[in-house]
Amino acid sequence: MTTDNPFFAASDLPYQLPPFDRIETGHYLPAFERGMAEQRAEVEAIASLPEPPTFDNTLVALERSGRVLQRVSAAFFNVTSSDTSPELQEIESRVVPLLSAHGDAIMLDRRLFERIEQLYAQRDALALDAEPAWLLERYHTEFVRAGARLSEQEHVRLRELNAELAALATEFGNKVRDGMKAAAVVVEDAADLAGLSADAIAAAEVAARDRGLTGGYALNLILPTAQPALASLHNREVRERLHTASVGRGSAGGDHDTTGLVLRIVRLRAERARLLGFEHHAAYNIADNTARSVDAVQEMLAKLAPAAVANARIEAEDLQEAIGDEFTLQPWDWAYYTEQIRRDRYAIDEAELRPYFELERVLRDGVFHAAGRLYGIRFQERPDLPAYHGDARVFEVFDRDGGPLGLFIGDFFTRPSKRGGAWANALVPQSRLFGTAPVVVNNLNINRAPEGEPTLLTLDEVRTLFHEFGHALHTLFSQVHFPKFAGTRVPRDFVEYPSQVNEVWMLWPEVLANYATHHRTGEPLPQPVVERLQAAEQFNKGFATTEYLAATLLDLAWHTLTVEKAEAVTDVLAFEAAALERAGVAVPFVPPRYRTAYFAHIFSGAAYSAGYYSYIWSEVLDADTVDWLTEQGGLRRELGDAFRDGLLAKGGSADSMEVYRAFRGRDPLIEPLLKRRGLISVP
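Every letter in the sequence shown is one number past the one before it in the numbering used here, and letter 617, counting from 1, is 605.
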């Protein structure tokens, strides 16, 4: 498996697409081992150079190191998220701690840091251009934040913490994924699924067969608390079963219980933050984001939470009125009666909308069409190029001048081997240093229709498709020299901004008219329905904002614990309940978007820990930008070029807020966000 390992050399496929048709499970571990060994040797050569440090012999050399490791890491972690197996999970469990130790060996190398610190001390005299100067700034900051200035004894403990946290995060992610699949709700009689559309019932039948059942129907769970079928199921008992299965994941004991992992992760993160000189993990993480401080985040959330909860309570009163005296509103009733009110108030029925949102039309005539109109790019499917799974489709992307731009891979369907949620990641980052063009993947979890039937989407799934493609565009339009800055490699509380902007096009009149046609009759979505959809944009925003803020404030509650306070927590569910109560978002009929035990964003990796606020923080920029787009006429090439060249192309090659100010001409305003979410009155 080692002599012909596909990772040992750059792929010979277009855009250096990993040769998935030649990659076998046995190739991964040897490639990781060689990749780490090669990079250790490369870093040792840099650190032991007798010559004084220069930008080229230190920083550029670091950027050039680890090519085998980059190739295997990108492919492997994409596959373990999208199409895992017991064998891959075993490799992941072995590799993740090794990678943590490998990263520490580089970031805690005193000789290497001394070279970087020397360059940093003379940075003004180096007369570097903007991107190289920012590279020096970022390397210095990252080494300091990683603990480069700590003592040898502190380094030992830091390495132990990092290794254990990496292993725990992998274990948490695996338990959440397996628990989500195990918690699917199975019903025997199709009558119990009354209210679901015919294609949704057929998809549930397919899901049952995929689980090895000979009969019945399976309602697969998705990662968030709210489950789409709750909006349609007439049977209240089945709704309650589905909701209970959703909120109970990870906290009911058994093989999939994550509560012990949560407590350990929180304690270790608090200890590591203290070791690195911070009060708690949130202070550590947010210091390197655009928000800069926990106080800044909490100040913004304090402006939103009371109004959101007040709106949610008003919405609840409407729902209780629709229910009458028969029973008291419960969380599993919210989506169902919300749909009734939506139908009564706006004559909008989600089930009646779905025939107009056929996946292929939404993708080609919606998502791709909007990108073509705004940025001048086009897409051509490449079935000749191998993907990592039969569901994953490869598209070549051509630029506004007709030249090659990169590859886009769409992997849209749920399956037992895929983790929940939706995400984007780069298989190959754009870089002028290496002459590489981007290869980017979008993953969703849409239920597959039966063979020969079209896959119809909910409105939320349409929004998710546009959202994730915004991340893909950010990656595809990257024009940076150094791979460290490619595409979405920006601060966590900035990364969601471009993707949220891309959501605006889903209901933009000329885009909607181009894709929203009935999959059988070809009739366009009637204009009165379009107008009602637009009028209903603020409908149920109290619920949506409150459930999001509840998860955000829960994230901050866990990660503002000091070492002593973290040690004192022994009951995850009790802590969660108290934290939501203190934050003023403990609304009984509005559970958090993610409860602690399946909050994979913050516990199966560090990226969103103390960072789930990023979506609403980014939405301030997004809403401000959408106002600008609307004022300037919307879907116009010159606006697309301005957004692409002024912001998307920059990646992380400069301070993100400085990039925004240069693009927008000023700091962002919060008022457009408040208006969008109905949190202030609109004249």
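Note that the Cβ used here is the ideal one computed from N, Cα and C, for glycine as well.
Owing to the predicted nature of the structure, the values given are computational and were not obtained by experimental measurement.
With C-beta atoms as the reference, is ALA380 less than 7 Å away from ILE397?
In this structure, ILE397 lies closer than 7 Å to ALA380 by Cβ.
What's the call for MET(-11), buried or exposed, on a 16-neighbour Cβ count within 10 Å?
Summary for MET(-11): the model assigns pLDDT 45, below 50, so the residue's position carries little reliability; its value from the coordinates is reported in the next sentence. With fewer than 16 other Cβ atoms within 10 Å, it is exposed.
For GLN215, does the three-state DSSP call read helix, strand or coil?
GLN215 falls in the coil class under three-state DSSP.
In terms of residues, what are the limits of the alpha helix (DSSP H) holding ASN502?
Looking at the DSSP string, the run of the alpha helix (DSSP H) that includes ASN502 is 497 to 503.
From MET95 to LEU138, what distance separates their C-alpha atoms?
Each residue's Cα considered, the two are about 11 Å apart.
Taking 7 Å as the CB-CB limit, is SER53 close to chain D?
The structure shown has no chain D; it contains just one protein chain.
Under 7 Å Cβ to Cβ from GLY204, same chain only, skipping five residues before and after it: list those, please.
VAL174, VAL175, GLU176 and ALA196, listed in sequence order.
Would you mind stating whether GLY639 and GLY475 have Cβ atoms separated by less than 7 Å?
Their beta carbons are under 7 Å apart, which means GLY639 touches GLY475 by this criterion.
Grab me the residues of ALA304's own chain with a C-beta within less than 7 Å of its C-beta, minus the 5 sequence neighbours each way, in chain order.
Closer than 7 Å at Cβ, skipping near neighbours: LEU317 and PHE577.
CA-CA distance, ALA284 and ALA275?
When rounded, the distance between both Cα atoms is 10 Å.
Quick check: the Cα distance between THR452 and VAL350, rounded to an integer number of angstroms?
Looking at the two C-alpha atoms, the distance is approximately 11 Å.
Can you tell me whether ILE604 is helix, strand or coil according to DSSP?
If DSSP states are grouped into helix, strand and coil, ILE604 belongs with the helices.
Taking the Cβ atom as the reference point for each residue, do ALA172 and LEU209 lie within a distance shorter than 7 Å?
A contact, by the Cβ cut-off of 7 Å.
Can you tell me which of the three DSSP states SER669 falls into?
Any reading at SER669 must be qualified, since the residue scores a pLDDT of 47, below 50, and its modelled position is unreliable; the value itself is stated next. SER669: coil per DSSP, three-state reduction.
Comparing C-alpha positions only, which one of LEU447, ARG407 and ARG420 sits nearest to ASN431?
Per the Cα distances, ARG407.
Can the beta-carbon of TYR485 be found less than 7 Å from the beta-carbon of ALA539?
No. Outside cutoff.
In its own chain, which residues sit with a C-beta less than 7 Å from the C-beta of SER185, not counting the 5 before and 5 after it?
For SER185, where only same-chain residues beyond five positions count, the Cβ hits under 7 Å are ALA339 and ARG342.
Does DSSP put GLN418 in a helix, a strand or coil?
Coil, per DSSP.
What residue does the alpha helix (DSSP H) around HIS105 start on, and which one ends it?
For clarity, residue 105 is Glu in the given sequence; the question names His instead. That run of the alpha helix (DSSP H) goes 98 to 109.
Who does ASN413 pair with in a DSSP beta bridge?
According to DSSP, ASN413 bridges with VAL429.
May I have the straight-line CA-CA distance separating PRO671 from ALA157, to the nearest angstrom?
Confidence at PRO671 is low in this model, with a pLDDT of 38, below 50, so its placement is unreliable and the value that follows should be read with caution. The alpha-carbon atoms of PRO671 and ALA157 are separated by roughly 47 Å.
Using DSSP's beta-bridge definition, name the partner residues of PRO392.
Per DSSP, PHE386.
At the level of alpha carbons, what is the spacing between PRO374 and PHE527?
PRO374 and PHE527: Cα-Cα distance of roughly 43 Å.
Would you mind reading off the limits of the alpha helix (DSSP H) that contains LEU207?
It is not in any alpha helix (DSSP H) - LEU207 instead sits in the beta strand (DSSP E) that spans 205 to 207.
Are SER53 and GLN77 close, meaning C-beta to C-beta below 7 Å?
For SER53 and GLN77, no; Cβs fall outside 7 Å.
By a C-beta neighbour count over all protein chains shown, 10 Å radius and 16 as the cutoff for buried, is SER641 buried or exposed?
The residue is buried, with at least 16 neighbouring Cβ atoms inside 10 Å.
What are the partner residues of PRO319, as DSSP defines its beta bridges?
Answer is none; PRO319 lacks a bridge partner.
Considering Cα atoms alone, identify which of THR534, ALA545 and PRO471 is closest to GLU51.
Checked all of THR534, ALA545 and PRO471; the closest Cα to GLU51 is PRO471.
Check whether the Cβ atoms of LEU5 and VAL385 sit closer than 7 Å, and answer yes or no.
The answer is no: Cβ separation not under 7 Å.
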